[in-house]
Every structure is written in C-alpha cells, then in structure tokens.
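*Asks:* If you read the sequences in order, they're chains F and C. The opening position of the first sequence corresponds to residue 3 in the numbering used here, with each subsequent residue numbered one higher. The opening position of the second sequence corresponds to residue 3 in the numbering used here, with each subsequent residue numbered one higher. Quick reminder that beta carbons are idealized off the backbone N, C-alpha and C, glycines included.
Number of protein chains: 2
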Amino acid sequence: MHMETEATQYIRRAAESARHASRMLARTPEATRNHALRTMAGHLRAASTEILAANAADIAEYTGTAAFRDRLMLNEARVEAMARGLEDIATLPDPLHRVLADWTRPNGLRIQRVASPIGVIGIVYESRPNVGADAAGLCLKSGNAVILRGGSESIRSATAISQALTIGLRDAGLPEAAVQIAPGADRAYVAAMLSAAGFIDLLIPRGGKSLVERVQREARIPTLAHAEGLCHTYVHRAADAAMARSVVANAKMRRPGICGATETLLIDEAIAPALLPLIVSDLVALGCDFRADSAARAVVPGLKPATDADYDTEWLDAILSIRVVPDLAAAVAHIERHGSEHTDAIITEDANAAQEFLSRLDSAVAIWNASTQFCDGGEFGFGAEIGIATGRIHARGPVGLEQLTTYRYFVIGSGQVRP
Amino acid sequence: MHMETEATQYIRRAAESARHASRMLARTPEATRNHALRTMAGHLRAASTEILAANAADIAEYTGTAAFRDRLMLNEARVEAMARGLEDIATLPDPLHRVLADWTRPNGLRIQRVASPIGVIGIVYESRPNVGADAAGLCLKSGNAVILRGGSESIRSATAISQALTIGLRDAGLPEAAVQIAPGADRAYVAAMLSAAGFIDLLIPRGGKSLVERVQREARIPTLAHAEGLCHTYVHRAADAAMARSVVANAKMRRPGICGATETLLIDEAIAPALLPLIVSDLVALGCDFRADSAARAVVPGLKPATDADYDTEWLDAILSIRVVPDLAAAVAHIERHGSEHTDAIITEDANAAQEFLSRLDSAVAIWNASTQFCDGGEFGFGAEIGIATGRIHARGPVGLEQLTTYRYFVIGSGQVRP
Numbered sequence: 003m004h005m006e007t008e009a010t011q012y013i014r015r016a017a018e019s020a021r022h023a024s025r026m027l028a029r030t031p032e033a034t035r036n037h038a039l040r041t042m043a044g045h046l047r048a049a050s051t052e053i054l055a056a057n058a059a060d061i062a063e064y065t066g067t068a069a070f071r072d073r074l075m076l077n078e079a080r081v082e083a084m085a086r087g088l089e090d091i092a093t094l095p096d097p098l099h100r101v102l103a104d105w106t107r108p109n110g111l112r113i114q115r116v117a118s119p120i121g122v123i124g125i126v127y128e129s130r131p132n133v134g135a136d137a138a139g140l141c142l143k144s145g146n147a148v149i150l151r152g153g154s155e156s157i158r159s160a161t162a163i164s165q166a167l168t169i170g171l172r173d174a175g176l177p178e179a180a181v182q183i184a185p186g187a188d189r190a191y192v193a194a195m196l197s198a199a200g201f202i203d204l205l206i207p208r209g210g211k212s213l214v215e216r217v218q219r220e221a222r223i224p225t226l227a228h229a230e231g232l233c234h235t236y237v238h239r240a241a242d243a244a245m246a247r248s249v250v251a252n253a254k255m256r257r258p259g260i261c262g263a264t265e266t267l268l269i270d271e272a273i274a275p276a277l278l279p280l281i282v283s284d285l286v287a288l289g290c291d292f293r294a295d296s297a298a299r300a301v302v303p304g305l306k307p308a309t310d311a312d313y314d315t316e317w318l319d320a321i322l323s324i325r326v327v328p329d330l331a332a333a334v335a336h337i338e339r340h341g342s343e344h345t346d347a348i349i350t351e352d353a354n355a356a357q358e359f360l361s362r363l364d365s366a367v368a369i370w371n372a373s374t375q376f377c378d379g380g381e382f383g384f385g386a387e388i389g390i391a392t393g394r395i396h397a398r399g400p401v402g403l404e405q406l407t408t409y410r411y412f413v414i415g416s417g418q419v420r421p
Numbered sequence: 003m004h005m006e007t008e009a010t011q012y013i014r015r016a017a018e019s020a021r022h023a024s025r026m027l028a029r030t031p032e033a034t035r036n037h038a039l040r041t042m043a044g045h046l047r048a049a050s051t052e053i054l055a056a057n058a059a060d061i062a063e064y065t066g067t068a069a070f071r072d073r074l075m076l077n078e079a080r081v082e083a084m085a086r087g088l089e090d091i092a093t094l095p096d097p098l099h100r101v102l103a104d105w106t107r108p109n110g111l112r113i114q115r116v117a118s119p120i121g122v123i124g125i126v127y128e129s130r131p132n133v134g135a136d137a138a139g140l141c142l143k144s145g146n147a148v149i150l151r152g153g154s155e156s157i158r159s160a161t162a163i164s165q166a167l168t169i170g171l172r173d174a175g176l177p178e179a180a181v182q183i184a185p186g187a188d189r190a191y192v193a194a195m196l197s198a199a200g201f202i203d204l205l206i207p208r209g210g211k212s213l214v215e216r217v218q219r220e221a222r223i224p225t226l227a228h229a230e231g232l233c234h235t236y237v238h239r240a241a242d243a244a245m246a247r248s249v250v251a252n253a254k255m256r257r258p259g260i261c262g263a264t265e266t267l268l269i270d271e272a273i274a275p276a277l278l279p280l281i282v283s284d285l286v287a288l289g290c291d292f293r294a295d296s297a298a299r300a301v302v303p304g305l306k307p308a309t310d311a312d313y314d315t316e317w318l319d320a321i322l323s324i325r326v327v328p329d330l331a332a333a334v335a336h337i338e339r340h341g342s343e344h345t346d347a348i349i350t351e352d353a354n355a356a357q358e359f360l361s362r363l364d365s366a367v368a369i370w371n372a373s374t375q376f377c378d379g380g381e382f383g384f385g386a387e388i389g390i391a392t393g394r395i396h397a398r399g400p401v402g403l404e405q406l407t408t409y410r411y412f413v414i415g416s417g418q419v420r421p
C-alpha cells in the first residue's frame, strides 16, 4: 500500500513536469527537436561503457530463458543501432504543424485543423532496453513528453539509457522532463500509470501478450496496442499458384515470431488438391510444422490434426494452422470468429473477390496478393513505428509519428458573432 | 448484484448483435443508409401520438425543476424537429469509404488508408429524449451500430422514440440491432456499458457535468466528451474596441448556458481603463452579473469581488468572471491553469500576438477575433454534431460524422514478399 501511494505520487509529479515539457516541445521548431535527437544519439554513444556495464549487471542477475536473455542483452552494435535510430528519426518529416484541413465558412470564419502533440505518453515495456530509446525518439520528434517504465530484468540498462537521453536533452536546451523513467520496475508504477487519467494522455504497452492484456484490462486511460496478431492468409480458388506458394512461405516463415506472421492458412477446396501439397512441401523444407483439418489431411496425408483451439492460437513459431474452406464467405466468417483484427490477406487473381474480401473484413490491415509480414511501420514508409494498434479509436495498424499526434482547431475571424 | 449481472449480460448480448449489424452497415451503400434515415423520420412522425403519450407519462411523474422539465418535454414541433434532423443527416456527405491517403511504395505495394465505421457506439444521455434520435441518425449514417441508455426521467419517451426508429430500420431492410436502447434506466446499465471492453468500442456521454465526470472516471472503454467548457475571451491591448465589445457580449450572453459560452474575460491592463467600463455596461444591459478582481474593480467600481474559485467555475449562466492581466503571457498562464482545453479566444489587431496566443494554447479550439460560441459542429460546417470532445485522443472539438469514423488499410500487391 505504501509503495502504491509512493508510486502514484511519483508518477503524478513526473506527469506534471512532463506536461510542462510537452507544452514547450509543442512550440519547439523542428530543427531544435532534430538537433536534440542527434545530441541524444551522441550521448548514447558516449555513455556506451556505462550502459554496457549496467546491462552486464542486469544479465548477471537474470535467470530466465536464453531467448529472453538475448532480447535483454546489449553490445556495442546494439548501442550504435539505438543511436542511429535516433538520427534516423531526425531525418523524418515533421509530424507537427501540418494543416490537415483548411476551409472558410460563408460568414468568413476560416477554420484550420492542425496536427499537434498528444501531450504526455506513457510507455510500459519489458525486456528489450532499446525500446526506451526508440520510444523516446519518436515521442520527442512528435512533440510529446514521455514517461518510461522498463521491465525488472532490464531496469539498470533502461535507466542508464534514459540518463544518457536526459543529458542529451539538457545539452540541446530542451527540458529534461521531456524524457523520464520510473525509478524502479515495481508493478506499482505500472498501476499508477494505468490510473493516471488527466495526467498521462496515452499509454503504449510494448511487450508480450500478458503485459498488453493486463494493460488493456486495467487501464483507465487510452491505450494503443495489439494483444495479438492472429493473422490469416486466404488462398482463393483463383489464386496464381506460384504467387500463393511464395507469399504463404514468406508470410509464415520469414520471421515466424513477429505479430504480422501468418498463423492460419485458409484455402479454397477447389484448389486445395492441386496447391496445398506444394505449399506444405515448401514449408516443410523451411522447417514448418502443421495443424490441419480433416479436409486438408485428406489432401496431404500425415499432417497433425488441428483442434478448435489451434485456430485461436497465435503460434509465433514455425507452426501453421490449416483449414480448407468452401468459399470466400466461409473464409471471412472464419477470420471474423478467430482473428484479432490485425492483418489478413487474400491471394487471388480475381479482382472482384479481392474487393469483396477487403471490404467485408474489419482488420486494421487487409492485404491483396502480398505477405502479411508487410504490416510494419517501416514497410508502410513511416520510417519508424512504436507498435501496431488493433483498437478502433485514434489509430489502427502501424503507429508511426503521424499517429502520435492529435489535432486542434484554429478559427480566424474578423469580429464575427454567432447569430 | 443480481441487477448488475443481468444488465451486464443484457448489454453484452445487445453489443454482440450490434457488432453484426455494424459489420453489415459498413458494407451498406450510402443510398441505403440515407433511405433508412428518411424512413426512420417518417416513422417518428407516424408515431407522434404514441411518443407524446409516453412523454406525458414521463412528465406526470417528474418532480424536478422547471428548466429540467422543459428539456424533458416533447411536443409536435419537437417531434417534427427530430424527424427533420434525420432527414438533414441524410443529405450530408458520406463519411465512409473516403480514401484518406493513397501511396505506392518502391516495391510496388499500393497502400490506401480508408475511412471506416468505428463499430459499436454507446450513448448515455439524460433528460432530453431527442438526443437518442440525433445520435442514432449520426451513428447510422457513419455505419456504426448504437446502444442508447436514456435517463430515468425520460425513459418512456426515449423508448417510444427508439421503437419508431427500429421500425424504420426494418422497413428500410437494415438490421434492427443497429439501433438499440437499454430496457430501463437503472444505473447498472451504465455500469455495464462502461465496462464493456471489446463489446462497445466508444462511449459518448451526453448530459451534465456530473454524468460526464462519472463516465470519464469509471469508463474502461474509450470515451469522447467534455466535462466542462470553461472558455475564456482575452482582450489584448491591440484589440479593436468596437469588435471587443460586440464579441464579448455575444460570447457571454448569446446563450450563457452552452458549453462554448465565455466564462472568464481576461483583459490587458493597458486598455482596461478605456475599454472595460464599456464592455461591462454592454453586458449589464443584457442582464449579466460579474465577479471581478481588484484591478477590474478599480476601473469599474461596484463589481462583485471574485474569489479564486470563481475562475474555476463554469457558470453556464449570466455571470462573467473578470481578471485584468499584464500581458499575453499572463493570459495564457491563466488559461492553462483554469481552463478546460475547450475553446478560448483572443481579440486583437496584432497578428503576431494572435499567432502566439493560438500556438501557445492547448485548447481544442483556439479563436482569433470571433465569439467562443462558434465552437459548434453546425457552425464548423459539419451539418450536425454529437458533442464536443476535449480529450486528446481520436477527436477534439466538435464531433461530427467524420469523427465517428476510424480507418483501415488496404494493401494491394502483385505477389510481393518481405525481404
């Protein structure tokens, strides 16, 4: 209880100073924000020894899996990548002050809708300490102040990184409160951020499904996130066979662990006998395993049978669920029932079928004739992303600089009064 | 507890059928949605006798103030206004299927950001039963299904209106579940809607400050609203005197009870001696009362003194708080401390001062040389509005049809795989 009160007070004080900082950032010219990003990059490089020492101390205490340890680990190359990430953000177009709409009313009032910062953004993240630097860079560029809360396994690394960023802000003449980090990894800080309505404007969780679900379940403030990416590729009867083979292999196996990886293959019964054996053999060669319904197993004997639960499973691994469907309507119905409104694709040469698939789905990203792994801020041309959102408010799909802004109205008159 | 469980189950079932309806609405051509709006208008007129009888029963049981009773009361003219409101919405441009952005990546992938419905919207409202018809019309036009929960004082009227709308939907061949109303005014329904994460996508409270604050405090789902409109008009030293007089009189007294009415006048000390007496005498003639700081009272003797709390008070009445400020920075500081980020105006002939005021403020609407009462969807040219939002996510300022949409991405390829 004591810790909770302390954490709440800490977060509120931090958010108040962050609010002041964000108001200043909102008026800061683009060149100043870019200069600060480059200065922060320099300080990350200069603090490399301290950051790696802090990381070694985190690693020394870590007792979990090797995969998790790899995410936690920093080295010279990863520090350099963080610094270069900030420099890359400095080269992106300014998301602020864009005039999104501009019109004049019959009474002469001119109304402008102008992009502006959201204000104070909270980032709750887990093992990868570089998330703090990336998020801070995107928030700073978009005029937002950020409060970071790193994971317990990487708290020393995250704190060392945050300190380097803070020194960079100061050197660039911007308020240090624009980038802050919770002083510990106690869960009370997460709880305090989740309930900081009016203090923190938006919370972005970065991490595994359990973290994201907890944040979404408990948040009293708006969040942008996706809990899972249960993505589908639907091979329509009018698919080009060679295209279907290469796209499905890429959608599943390029990187099976990312949220845009395809988890379930739906294939029309009309072409399954000819095409499914080829798709499966391509994937077997890449090391993929399968969970298939009886119709698929009739075509490709020896596949493991799928349970109902398999179609609700985000494998994030070299496993593909397979279902043979009678037609497009059945494919859409399957996706509506089992999908996560993240990314779903159709492979077909039939433009009408593609149009129907795209318009009937409700996914953040609907793809025709390409790999689901394209759901990514970089691939969309955003330059950088802070995550993927599958909610239905504010932003959907890849969240880049533009999605970290909101808008305000300027109304310019000449003495108009309302009748 | 029993009621809570029952209300939760009711709302979830309603939201599930609303989800199906919204998916169908999302694919419904504009002409069909407009036809449904006109059909619903016809059924409102046809059900006028039943609606007025239900309203008479509500009124007969009502024991509150006369002002509240007036909001509650319906008559032939108000039913006709509701019907015409739906017909007006039918004439507005379609907010769906707008291509908001369209670009092609170097690899040939074409990416389109397309406006789409949010999905299921909850509306919690108080006395005015017409809010249900207006909200249902705006939601239907924007492809959203809506779940209404009317106030206890007007539950019979609200239910009769909702029934007429439902019959209109059926006659137009659209799913009746697109417009639903909670079967009673028990608070458990509000609680159930506030906690319906994953079922209701957005909640819009329409009513007084206590309702909105309760919703914002307890909601586990996104909301769009403003709890108060503590709006300021700042008369800068370079103001045109005649313009300042007419704009301030309109901003305060045109309709003192709306959220865009000015509650506090800030005036530069350099022009207060010449101008403040004229502004006050204009307002006195309109029946306005004042709460003024000592500097204002030195210029206009006899004004009631202001307390600190007065500057935090949304009067919604013929009362104006007045403070004399040394300069623009002090005016901005006052607004940052006491304002509600709703609407704030500057009156000045100095373009640099206006630019500084607009860019330093963080209000949803910042106005130069016009009345704060222009913060309104109709005045912005939106045709109709469902309210004003002062949050920082999704939409700010007047919420019209466009703000009731979100977006999705269509990605169109020719077999691209991600490297």
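Helix, strand or coil for residue 13 of chain C per DSSP?
*Replies:* For this step, residue 13 of chain C is matched to residue 11 along the second sequence. Looking at residue 13 of chain C - three-state DSSP - the assignment turns out to be helix.
*Asks:* Using a Cβ-Cβ distance under 8 Å, would residue 105 of chain F count as near chain C?
*Replies:* Residue numbering aside, residue 105 of chain F sits at position 103 when the first sequence is read from its first letter. By this cut-off, residue 105 of chain F is an interface position.
*Asks:* For a contact defined as C-beta to C-beta under 8 Å, what are the partners of residue 370 of chain F on chain C?
*Replies:* Within the first sequence, residue 370 of chain F is the residue found at index 368, counting from 1. Under the 8 Å cutoff, chain C gives 412, 413, 414 and 415.
*Asks:* Could you check whether the stretch 285 to 300 of chain F touches the stretch 255 to 269 of chain F, counting it as contact only if at least three pairs of C-beta atoms, one from each stretch, sit closer than 8 Å?
*Replies:* yes
*Asks:* Does the beta-carbon of residue 309 of chain F have 16 or more other beta-carbons within 10 angstroms, so that it is buried, or is it exposed?
*Replies:* Residue 309 of chain F sits at position 307 when you count from the first residue of the first sequence. That one is exposed.
*Asks:* Output the boundary residues of the beta strand (DSSP E) element that contains residue 265 of chain F.
*Replies:* If you number the first sequence from 1, residue 265 of chain F lands on position 263. Its beta strand (DSSP E) spans residues 264 to 270.
*Asks:* Check whether the stretch 163 to 179 of chain C touches the stretch 365 to 375 of chain C, counting contact only when three or more Cβ pairs, one atom from each stretch, lie closer than 8 Å.
*Replies:* no
*Asks:* Please list, in chain order, the residues of the stretch 197 to 211 of chain C that have any C-beta partner in chain F closer than 8 Å.
*Replies:* 199, 203 and 204
*Asks:* Using beta-carbon positions only, say whether residue 358 of chain F and residue 241 of chain F come within less than 8 Å of one another.
*Replies:* On the first sequence, residue 358 of chain F is found 356 positions in, with the first residue counted as 1. On the first sequence, residue 241 of chain F is found 239 positions in, with the first residue counted as 1. Not in contact: residue 358 of chain F and residue 241 of chain F (Cβ atoms no closer than 8 Å).
*Asks:* May I ask you to list the residues that DSSP assigns as paired with residue 139 of chain F?
*Replies:* The count along the first sequence starts at 1 and reaches residue 139 of chain F at position 137. DSSP, once it has assigned bridges, lists no residue as partnering residue 139 of chain F.
*Asks:* Contact defined as beta carbons within less than 8 Å: I believe residue 107 of chain C pairs with residue 379 of chain F. What is the distance between those atoms, to the nearest angstrom?
*Replies:* As a first step, residue 107 of chain C is located in the second sequence; it is residue number 105 there, counting from the start. As a first step, residue 379 of chain F is located in the first sequence; it is residue number 377 there, counting from the start. Rounded, the Cβ-Cβ distance is 12 Å, inconsistent with contact.
*Asks:* Quickly, what does DSSP pair residue 64 of chain F with across the bridge? List them, please.
*Replies:* For the purposes of this step, residue 64 of chain F is taken as the residue at position 62 of the first sequence. The partner list for residue 64 of chain F (beta bridge, DSSP) is empty, contrary to what the question assumes.
*Asks:* Does residue 72 of chain F come within less than 8 Å of chain C when only Cβ atoms are used?
*Replies:* Indexing the first sequence from 1 puts residue 72 of chain F at position 70. False, the Cβ-Cβ gap to chain C never drops below 8 Å.
*Asks:* Can you give me, in chain order, the residues of the stretch 216 to 229 of chain C that have a beta carbon less than 8 Å from any beta carbon in chain F?
*Replies:* 218, 219, 221, 222 and 224
*Asks:* May I ask which residues mark the beginning and end of the beta strand (DSSP E) holding residue 401 of chain C?
*Replies:* To locate residue 401 of chain C, count along the second sequence from 1; it is residue 399. Counting along the chain, the beta strand (DSSP E) containing residue 401 of chain C begins and ends at 399 to 401.
*Asks:* Using only CA atoms, which one of C:212, C:335 and C:145 lies nearest to residue 34 of chain C?
*Replies:* Reading the second sequence from its first residue, position 32 is the one you call residue 34 of chain C. Nearest C-alpha to residue 34 of chain C: C:145.
*Asks:* Have a look at residue 64 of chain F and residue 71 of chain F and give me their C-alpha separation to the nearest angstrom.
*Replies:* Along the first sequence, one-based indexing puts residue 64 of chain F at 62. Along the first sequence, one-based indexing puts residue 71 of chain F at 69. Computed Cα separation, rounded: 7 Å.
*Asks:* Determine the burial state of residue 128 of chain C: buried for a count of at least 16 other Cβ atoms within 10 Å of its Cβ, exposed for fewer.
*Replies:* In the second sequence, the residue the question calls residue 128 of chain C occupies position 126. Burial call: buried.
*Asks:* Would you list the one or two residues that DSSP bridges to residue 408 of chain F?
*Replies:* Reading the first sequence from its first residue, position 406 is the one you call residue 408 of chain F. F:118, per the DSSP bridge assignment.
*Asks:* Give me the Cα-Cα distance between residue 314 of chain C and residue 125 of chain C, rounded to the nearest whole angstrom.
*Replies:* Residue 314 of chain C sits at position 312 when you count from the first residue of the second sequence. Residue 125 of chain C sits at position 123 when you count from the first residue of the second sequence. Going from the Cα of residue 314 of chain C to the Cα of residue 125 of chain C covers about 28 Å.
*Asks:* Between residue 245 of chain F and chain C, is the shortest Cβ-Cβ distance under 8 Å, so that the two count as touching?
*Replies:* As a working note, residue 245 of chain F is residue 243 in the first sequence. Yes, residue 245 of chain F lies at the interface with chain C (some Cβ there is under 8 Å from its Cβ).
*Asks:* Cα-Cα, which of F:301, F:164 and F:391 is closest to residue 344 of chain F?
*Replies:* Counted from its first residue, the first sequence places residue 344 of chain F at position 342. When each option's Cα is compared against that of residue 344 of chain F, the closest is F:391.
*Asks:* Measuring alpha carbon to alpha carbon, tell me which of F:14, F:134, F:253 and F:214 ends up nearest residue 233 of chain F.
*Replies:* If you number the first sequence from 1, residue 233 of chain F lands on position 231. Of the listed residues, the one whose Cα sits closest to residue 233 of chain F is F:253.
*Asks:* Is it buried or exposed, residue 396 of chain C, if we count other Cβ atoms within 10 angstroms and call 16 or more buried?
*Replies:* Position 394 of the second sequence, counted from the first residue, corresponds to residue 396 of chain C. Flag for residue 396 of chain C reads buried.
*Asks:* What is the C-beta distance between residue 122 of chain F and residue 203 of chain F, in whole angstroms, given that I count them as a contact (C-beta under 8 Å)?
*Replies:* Counting from 1 along the first sequence, the entry for residue 122 of chain F is found at position 120. Counting from 1 along the first sequence, the entry for residue 203 of chain F is found at position 201. Right, their Cβ atoms sit about 5 Å apart.
*Asks:* Just to confirm the assignment, what range does the beta strand (DSSP E) spanning residue 421 of chain F have?
*Replies:* For this step, residue 421 of chain F is matched to residue 419 along the first sequence. First-last for residue 421 of chain F: undefined, no H or E at that position.
*Asks:* Which residue or residues does DSSP assign as beta-bridge partners of residue 292 of chain C?
*Replies:* Numbered from 1 along the second sequence, position 290 holds the residue referred to as residue 292 of chain C. Bridge partners of residue 292 of chain C: C:322.
*Asks:* Identify which residue in C:158, C:21, C:14 and C:40 has its Cα closest to the Cα of residue 190 of chain C.
*Replies:* Numbered from its first residue, the second sequence carries residue 190 of chain C at position 188. Relative to residue 190 of chain C, the option among C:158, C:21, C:14 and C:40 whose CA is nearest is C:14.
*Asks:* Just to confirm before moving on: does the CB-CB distance between residue 135 of chain C and residue 46 of chain C stay below 8 Å?
*Replies:* Here residue 135 of chain C refers to the residue found at position 133 of the second sequence. Here residue 46 of chain C refers to the residue found at position 44 of the second sequence. Yes, the pair counts as a contact, with Cβ atoms nearer than the cut-off.
*Asks:* Looking at the structure shown, is residue 205 of chain C part of a helix, part of a strand, or coil, going by DSSP?
*Replies:* Locating residue 205 of chain C in the second sequence gives position 203, where the first residue counts as 1. Strand, per DSSP.
*Asks:* Tell me where the alpha helix (DSSP H) around residue 86 of chain F begins and ends.
*Replies:* Here residue 86 of chain F corresponds to residue number 84 of the first sequence, with the count starting at 1. Segment 78 to 93, the alpha helix (DSSP H) holding residue 86 of chain F.
*Asks:* Whole angstroms are fine: how far does the CA of residue 48 of chain C sit from the CA of residue 138 of chain F?
*Replies:* Here the question's residue 138 of chain F lines up with position 136 in the first sequence. Here the question's residue 48 of chain C lines up with position 46 in the second sequence. Near 59 Å, if we compare the C-alpha coordinates of residue 48 of chain C and residue 138 of chain F.
*Asks:* Need the endpoints of the alpha helix (DSSP H) that residue 244 of chain C sits in, please.
*Replies:* Numbered from 1 along the second sequence, position 242 holds the residue referred to as residue 244 of chain C. Start and end: 243 to 255.
*Asks:* Along the stretch 377 to 406 of chain C, where does the CB come closer than 9 Å to a CB of chain F? Name the residues.
*Replies:* 377, 378, 381, 382, 383, 393, 394, 395, 396, 397, 398, 399 and 400
*Asks:* Work out the CA separation of residue 89 of chain C and residue 59 of chain C for me, nearest whole Å.
*Replies:* In the second sequence, counting from the first residue as 1, residue 59 of chain C sits at position 57. In the second sequence, counting from the first residue as 1, residue 89 of chain C sits at position 87. Distance between the alpha carbons of residue 59 of chain C and residue 89 of chain C: 28 Å.
*Asks:* Kindly identify the DSSP beta-bridge partner or partners of residue 234 of chain F.
*Replies:* Your numbering for residue 234 of chain F matches position 232 in the first sequence. BP columns for residue 234 of chain F point to F:266 and F:346.
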